Amino acid sequence: MSLARARFAYIRPRSIFGPTNHRLASTASQHKEHHEESHHREDFNSPIWRNTLIATAVIVAAYRYAPAPGEDVYLTKWIGLYKTPIDTWLDMNANHTAKQQEVSESNILLNDAQKERAHRYRYPEIINQSSPFLNGVGM
1 MSLARARFAY
11 IRPRSIFGPT
21 NHRLASTASQ
31 HKEHHEESHH
41 REDFNSPIWR
51 NTLIATAVIV
61 AAYRYAPAPG
71 EDVYLTKWIG
81 LYKTPIDTWL
91 DMNANHTAKQ
101 QEVSESNILL
111 NDAQKERAHR
121 YRYPEIINQS
131 SPFLNGVGM
């Protein structure tokens with residue numbers, strides 16, 4: 001061994017865990033499935049970028065060629081066919097308001113109700129103290 005080589009061998013850092021030619025237990029022998037996976041390239045030719053570009057082009061074309069807002073547009077007419085008329089909503093709201101008024105009046109009546117005043121006997125057992133057989137006729 002030459003002196004220069006021996007000198008560099010001394011300077012070279014050594015591993016704490018021993019020589020580097022030993023393989024650890026958790027190397028490629030146990031994880032072959034990880035190395036056999038195929039990895040997709042992530043660049044601007046991937047499907048996500050293609051789909052994003054197509055969606056952007058469709059949105060721009062729809063905005064550019066969409067009809068001007070107005071009452072004669074076919075989409076507005078189609079929505080108008082399935083829309084409930086204003087008069088129907090006004091009738092429904094009026095009925096709901098009348099029923100809510102009735103409910104609130106009945107709630108006020110029930111909330112303001114008080115128990116009927118009753119005469120409380122001081123000794124209620126006095127009522128049953130006398131015998132029913134010692135009463136005179138007509139009593």
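Oh and the sequence shown: position 119 is 119 in UniProt numbering, straight run, nothing missing.
Each residue gets a CB set at the ideal place from its N, CA and C atoms; glycine is no exception.
Note that the coordinates shown come from a computational prediction; the quantities given were computed from them, not determined experimentally.
Item: From the DSSP output, in three-state form, read off N111 for me.; Value: helix
Item: Look up G80 in the DSSP assignment and say whether it is helix, strand or coil.; Value: helix
Item: In whole angstroms, what is the alpha-carbon distance linking D112 and I79?; Value: 49 Å
Item: Would you identify the three-state DSSP class for Q101, choosing helix, strand or coil?; Value: helix
Item: Report back the beta-carbon spacing between P67 and V73 to the nearest angstrom; my notes put them in contact at under 8 Å.; Value: 5 Å
Item: Considering just the uninterrupted stretch of the alpha helix (DSSP H) at V60, what are its terminal residues?; Value: P47 to Y65
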